[in-house]
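Visitor: Protein chains in written order, with the working numbering: chain A, 62 to 404; chain B, 62 to 404.
Number of protein chains: 2
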Amino acid sequence: MKNKAENNSTNIKSVAQMAGVSISTVSRVINNPESVSEELRNKVRKAIEALGYQPNQIARSLRTGSTKLIGFIIPDITNPAFLLMVKGAQDFLKRKGYTFMVCGTDHNIREEVKLLKALLSQNVEGMIVTCSGGQNSDFSRIVNSTNVKMVFMDRRYEDLNVPYVGVDNTTGVEKITDYLIESGHRSLVYLSGERNTSSARERLRGFVNSVRRHAVVDFQILYGKFTFESGYELTKRLKEIPQAIVGGNDLVALGAIEALTQMGYSIPEDVSVVGFDDMFYSKYSKPSLTTVRQPIYEMGYTAGKILYQLLSKGNIKKTNTILQTDVVLRETVKPRNNNPKRG
Amino acid sequence: MKNKAENNSTNIKSVAQMAGVSISTVSRVINNPESVSEELRNKVRKAIEALGYQPNQIARSLRTGSTKLIGFIIPDITNPAFLLMVKGAQDFLKRKGYTFMVCGTDHNIREEVKLLKALLSQNVEGMIVTCSGGQNSDFSRIVNSTNVKMVFMDRRYEDLNVPYVGVDNTTGVEKITDYLIESGHRSLVYLSGERNTSSARERLRGFVNSVRRHAVVDFQILYGKFTFESGYELTKRLKEIPQAIVGGNDLVALGAIEALTQMGYSIPEDVSVVGFDDMFYSKYSKPSLTTVRQPIYEMGYTAGKILYQLLSKGNIKKTNTILQTDVVLRETVKPRNNNPKRG
DNA sequence: ATTGGTTTTGAAAACGTTTTCAAAAACGTT
DNA sequence: AACGTTTTTGAAAACGTTTTCAAAACCAAT
């Protein structure tokens with residue numbers, strides 16, 4: 062049943078032959094149909110149909126110098142948050158006729174450089190990258206010396222002159238910490254993940270800002286990873302249980318809750334816990350998690366939009382787009398009254 | 062600071078010029094270094110280094126006919142389960158030097174056909190696809206007429222002669238239903254999602270098999286979607302609450318639990334609930350979900366391996382690889398004793 | 001020194017397109 | 001019918017590689 066004609070040996074030449082015209086004419090029918098007479102146009106179209114001809118993108122790209130390809134580099138293709146951003150960007154860009162290559166680095170900087178090179182040699186026209194960790198000189202060198210358009214999304218290497226779209230991590234954590242302090246929490250623990258990403262550092266700064274501004278002295282900062290298990294471990298090792306725990310993301314907050322529950326504390330009666338991200342499951346956890354919602358999809362969509370501007374309007378002034386967050390109140394926080402003198 | 066030499070105008074010709082050799086020699090240094098004298102080899106390498114030259118993959122592909130590109134088509138790039146499979150396949154294939162294009166259809170069949178065409182015209186050498194829904198004649202026609210290698214992963218279009226690697230959905234659901242029935246549950250509800258995917262139909266069959274084999278008569282099958290919300294809605298609409306609910310996946314099971322809880326039932330004291338997937342969060346839900354674990358990553362890895370065989374050894378007999386599942390016992394099931402006469 | 005064989009090299013063709021350019025055809029005006 | 005103008009067409013060049021083929025260079029043995 063295999064239609065021999067329709068396999069990859071069909072090229073523009075065979076179409077031309079079948080239609081009895083030159084290959085130039087076939088090409089024109091495809092790219093600029095009005096420029097060829099109706100008669101020939103029909104013949105050619107019939108031949109294309111009959112042969113199931115699809116132009117070879119490779120050859121086309123080589124000739125035109127345009128691949129219509131956008132590359133994505135993200136730390137982990139298994140993390141839905143990154144992919145929601147990617148989807149946002151794609152939703153914008155696919156209407157402009159681009160196709161996509163998305164690659165994950167597994168949080169590995171060497172891999173990140175490898176992928177950067179790979180995408181470049183595939184002649185992508187633009188790239189959107191969410192950085193994997195500490196800055197790398199190879200990465201910077203390559204970025205500085207290429208002229209394919211690029212935008213950083215969610216995380217960036219700060220000293221590279223590349224447009225960035227992200228979220229106001231600092232203010233986000235600051236707002237939710239403010240909320241905790243202003244609702245009476247007097248002792249706080251911040252559970253950070255790895256400090257080698259810009260977003261992690263920004264969130265930490267938000268916590269510090271809030272705690273300083275309110276002159277809270279009873280606080281502690283712990284470093285681990287951005288995982289459930291890390292939140293769990295760090296919490297278990299706590300000597301003194303604070304009135305509130307701020308997780309660097311939802312996962313560590315959820316881990317903390319698990320640990321606290323096992324230790325016999327109840328949430329939020331004994332201790333309040335908050336997170337950051339508002340990932341899909343946080344609203345369904347028991348108790349449901351008070352956290353900071355990031356406009357993940359919008360971030361990606363915006364990144365796509367900015368990349369498109371770069372691509373079409375040529376260079377643009379360095380644009381940093383910072384989106385705002387919302388704190389979403391749910392069940393893991395309970396106001397406290399620590400200061401009976403005040404009452 | 063931009064190194065003008067390193068931008069995309071560097072091609073094999075400029076390297077040749079700088080090194081004072083022909084382009085053939087440069088090409089040889091890259092692809093078959095031993096075939097050129099040490100002297101020239103060094104000169105060329107120095108020039109490559111100095112110019113930051115990277116071969117243009119497009120041109121190379123055009124000439125060699127080999128792109129080293131693998132395409133993925135999955136229903137939703139935002140769903141971590143699909144991406145874990147993709148990662149499995151990539152982990153195998155990337156060691157063989159392939160790069161990847163992964164595309165999501167948003168469960169849309171038209172989009173699926175579009176992507177299939179797009180990937181084909183990008184000259185991918187192989188594809189791994191997880192089908193989006195009901196079969197489509199365009200899709201079949203294209204698949205039958207191309208000779209790029211392909212394998213179906215997790216879901217398939219049954220009448221296409223394409224190797225498939227999946228999971229024994231039927232036996233999976235059958236085992237967990239057996240477990241429920243054999244631990245005393247006498248009235249069951251199965252909450253299915255959309256019936257247009259092979260895996261959904263297989264799971265449903267598992268439920269029916271078990272219920273028939275045990276001659277259970279008090280059961281009901283409800284159709285919705287594979288979402289939390291659907292599980293919730295379907296459960297809320299239940300006239301009579303059964304002793305056990307089997308969710309077509311974890312999400313609908315979790316939705317069912319939420320609904321039951323709101324309706325005043327406690328899990329598992331009043332009703333047992335099980336799911337299918339063992340997604341990341343199921344072990345952390347409260348109570349933790351008894352479910353069926355699928356070897357998601359392994360499925361992808363196997364798909365990658367099979368595709369590679371196809372790619373290297375040419376055609377292969379139709380291989381269907383079916384991986385087995387495990388039921389994982391957690392807290393949402395409680396044995397019942399319905400038959401006091403037995404005791 | 002010449003021969004014969006091997007290794008190293010470069011010129012040119014090829015991959016499948018798009019695009020430039022000039023030739024051919026069509027058309028409208030006289 | 002002859003002319004000029006416009007439209008339609010095809011030949012050929014070009015994109016950046018790899019690869020074939022033959023020429024050049026080297027080397028060993030006479």
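Think of the CB as a built atom: it goes at the ideal place given N, C-alpha and C, for glycine as much as any other residue. Treat the numbers as computed from the prediction; the structure is a model and nothing was measured.
I'd like the list of long-range same chain contacts for Lys286/A, defined as Cβ closer than 7 Å, with 5 residues on each side in sequence excluded.
Guide: Mapped onto the first sequence, residue 286/A falls at position 225. Result list for Lys286/A: Gly254, Glu255, in chain order.
Visitor: In the stretch 153 to 177 of chain B, which residues sit with their C-beta less than 8 Å from some C-beta in chain A, listed in chain order?
Guide: Thr160, Phe161, Met162, Val163, Cys164, Gly165
Visitor: Under a three-way DSSP split, which group does Leu221/B fall into?
Guide: Numbered from its first residue, the second sequence carries residue 221/B at position 160. Three-state DSSP puts Leu221/B in coil, outside helix and strand.
Visitor: With DSSP as the reference, please indicate the residues paired to Val190/B in a beta bridge.
Guide: Taking the first residue of the second sequence as 1, we reach residue 190/B at position 129. Answer is Ile134/B, Phe213/B, bridged to Val190/B.
Visitor: Would you please state the rounded distance, in angstroms, between the beta carbons of Ile383/B and Asp229/B? I believe it to be under 8 Å.
Guide: Position 322 of the second sequence, counting from 1, holds the residue named residue 383/B. Position 168 of the second sequence, counting from 1, holds the residue named residue 229/B. About 5 Å; that satisfies the 8 Å criterion.
Visitor: How would you list, in chain order, the residues of chain A whose beta-carbon sits under 8 Å from the beta-carbon of Phe289/B?
Guide: Walking along the second sequence from the start, residue 289/B turns up at place 228. Here the neighbours are Tyr345.
Visitor: Spatial neighbours of Asn68/A within its chain, please: C-beta separation below 7 Å, excluding the five flanking residues on both sides.
Guide: Here residue 68/A is taken as the residue at index 7 of the first sequence, counted from 1. Model confidence at Asn68/A stands at a pLDDT of 38, short of 50, so the residue's coordinates are unreliable and nothing is read from them.
Visitor: Could you give the distance in angstroms between the alpha-carbon of Lys63/A and the alpha-carbon of Gly292/A?
Guide: In the first sequence, the residue the question calls residue 63/A occupies position 2. In the first sequence, the residue the question calls residue 292/A occupies position 231. Below a pLDDT of 50, predicted positions are generally treated as unreliable, and Lys63/A, at 30, falls in that range; no measurement from the model is reported.
Visitor: Determine the DSSP secondary structure at Ile203/B, reduced to helix, strand or coil.
Guide: One-based indexing of the second sequence puts residue 203/B at position 142. In the structure shown, Ile203/B sits in a helix (DSSP, three-state: H, G or I).
Visitor: Consider the Cβ of Val105/B: report whether some Cβ of chain A lies at a distance smaller than 8 Å.
Guide: Within the second sequence, the letter at position 44 stands for residue 105/B. Chain A, which has no Cβ nearer than 8 Å to the Cβ of Val105/B, makes this no.
Visitor: For Tyr240/B, which residues from the same chain have a beta carbon less than 7 Å from its beta carbon, with the 5 sequence-adjacent residues on both sides left out?
Guide: Walking along the second sequence from the start, residue 240/B turns up at place 179. Contacts found: Val388.
Visitor: When you compare the CB positions of Met211/B and Val223/B, do they come within less than 8 Å of one another, or not?
Guide: The residue labelled residue 211/B in the question sits at position 150 within the second sequence. The residue labelled residue 223/B in the question sits at position 162 within the second sequence. Contact: yes.
Visitor: Rounded to whole angstroms, what is the Cα-Cα separation between Ile119/B and Asn184/A?
Guide: For this step, residue 119/B is matched to residue 58 along the second sequence. For this step, residue 184/A is matched to residue 123 along the first sequence. Rounded to whole angstroms, Ile119/B to Asn184/A spans 7 Å at the Cα level.
Visitor: Check Phe289/A in the structure and name its three-state DSSP category.
Guide: For the purposes of this step, residue 289/A is taken as residue 228 along the first sequence, with counting starting at 1. Helix.
Visitor: Please report whether the beta-carbon of Leu321/A lies at a distance below 8 Å from any beta-carbon of chain B.
Guide: As a position in the first sequence, residue 321/A is number 260, starting the count at 1. It does not; no Cβ of chain B falls within 8 Å.
Visitor: Taking only the alpha-carbon atoms, compute the straight-line gap between Lys65/B and Ile91/B and give it to the nearest angstrom.
Guide: In the second sequence, residue 65/B corresponds to position 4, counting from 1. In the second sequence, residue 91/B corresponds to position 30, counting from 1. Bear in mind that the predicted position of Lys65/B carries a pLDDT of just 30, short of 50, making it unreliable; the figure below should be weighed with that in mind. Using only the alpha carbons, I get a separation of about 22 Å.
Visitor: So Ile131/A packs on Ile189/A, CB below 8 Å; how close in whole Å?
Guide: Looking up residue 131/A in the first sequence gives position 70. Looking up residue 189/A in the first sequence gives position 128. Contact holds; Cβ gap of about 7 Å.
Visitor: Mapping the DSSP letters down to three states, classify Ile302/B as helix, strand or coil.
Guide: Start at 1 with the first residue of the second sequence, and residue 302/B comes out as number 241. Coil.
Visitor: Can we say the stretch 95 to 108 of chain B touches the stretch 74 to 86 of chain B, given the rule of at least three CB pairs closer than 8 Å?
Guide: The stretch 95 to 108 of chain B, when compared against the stretch 74 to 86 of chain B, does touch it at the 8 Å Cβ threshold.
Visitor: Run down chain B in chain order and give the residues with a C-beta less than 7 Å from the C-beta of Gln355/A.
Guide: Here residue 355/A refers to the residue found at position 294 of the first sequence. By Cβ distance, chain B contributes nothing, its closest Cβ being about 15 Å from Gln355/A, past 7 Å.
Visitor: Any beta carbon from chain A within less than 8 Å of Gln183/B's own beta carbon?
Guide: Position 122 of the second sequence, counting from 1, holds the residue named residue 183/B. Yes - at least one Cβ of chain A is within 8 Å of the one on Gln183/B.
Visitor: By the three-class DSSP mapping on this structure, what secondary structure does Phe337/A have?
Guide: Position 276 of the first sequence, counted from the first residue, corresponds to residue 337/A. In this structure, Phe337/A counts as coil in the three-state DSSP scheme.
Visitor: Any beta-carbon of chain A closer than 8 Å to the one on Gly361/B?
Guide: As a position in the second sequence, residue 361/B is number 300, starting the count at 1. So, not an interface residue.
Visitor: Enumerate in chain order the residues of its own chain whose CB-to-CB distance from Leu265/A is below 8 Å, with the five nearest sequence positions on each side excluded.
Guide: Reading the first sequence from its first residue, position 204 is the one you call residue 265/A. Here the set comprises Val234, Tyr251, Ser253, Arg256, Ile282, Gly309.
Visitor: So, helix, strand or coil for Tyr358/A, using DSSP?
Guide: Counting from 1 along the first sequence, the entry for residue 358/A is found at position 297. Correct three-state label for Tyr358/A: helix.
Visitor: With a cut-off of 8 Å, does the C-beta of Val147/A fall near any C-beta of chain B?
Guide: Stepping through the first sequence from its first residue, residue 147/A is reached at position 86. So yes, Val147/A belongs to the interface.
Visitor: If you count every other CB in all the chains shown that lies within 10 Å of the CB of Ala276/B, and 16 or more means buried, which is it?
Guide: Numbered from its first residue, the second sequence carries residue 276/B at position 215. Exposed is the call here.
Visitor: Answer yes or no: do Phe374/A and Phe153/A have a C-beta to C-beta separation smaller than 8 Å?
Guide: The count along the first sequence starts at 1 and reaches residue 374/A at position 313. The count along the first sequence starts at 1 and reaches residue 153/A at position 92. Going by the sequence as given, residue 374/A is Lys instead of Phe. Their beta carbons are not under 8 Å apart, which means Lys374/A does not touch Phe153/A by this criterion.
Visitor: By how many angstroms is the C-alpha of Gly113/B removed from the C-alpha of Thr71/B?
Guide: Here residue 71/B is taken as the residue at index 10 of the second sequence, counted from 1. Here residue 113/B is taken as the residue at index 52 of the second sequence, counted from 1. Computed Cα separation, rounded: 8 Å.
Visitor: What do you get for Pro401/A, buried or exposed, if any count of 16 or more other CB atoms within 10 angstroms of its CB means buried?
Guide: For the purposes of this step, residue 401/A is taken as the residue at position 340 of the first sequence. Residue placement at Pro401/A is flagged as unreliable, the pLDDT there being 45, under the threshold of 50; a coordinate-derived value is accordingly withheld.
Visitor: Rounded to whole angstroms, what's the CA-CA distance from Gly194/B to Tyr218/A? Just pull it up for me.
Guide: Translated into positions along the second sequence, residue 194/B becomes position 133. Translated into positions along the first sequence, residue 218/A becomes position 157. Using only the alpha carbons, I get a separation of about 41 Å.
Visitor: What are the start and end residues of the alpha helix (DSSP H) that includes Asp279/A?
Guide: Here residue 279/A refers to the residue found at position 218 of the first sequence. Note, Asp279/A: premise wrong, no alpha helix (DSSP H); not H, not E.
Visitor: Taking the alpha-carbon positions, what's the Ile328/A to Asn270/A distance?
Guide: Your numbering for residue 328/A matches position 267 in the first sequence. Your numbering for residue 270/A matches position 209 in the first sequence. So the alpha carbons of these two residues sit roughly 26 Å apart.
Visitor: Can you tell me the Cα-Cα spacing of Leu145/A and Arg274/A, whole angstroms?
Guide: Translated into the one-based positions of the first sequence, residue 145/A becomes position 84. Translated into the one-based positions of the first sequence, residue 274/A becomes position 213. If you draw a straight line from the Cα of Leu145/A to the Cα of Arg274/A, it is about 34 Å long.
Visitor: For the beta strand (DSSP E) containing Thr380/B, name the first residue and the last one.
Guide: Here the question's residue 380/B lines up with position 319 in the second sequence. Per DSSP, Thr380/B belongs to no beta strand (DSSP E) and is neither H nor E.
Visitor: Val228/A bridges to which residues according to DSSP?
Guide: Here residue 228/A corresponds to residue number 167 of the first sequence, with the count starting at 1. BP columns for Val228/A point to Leu384/A.
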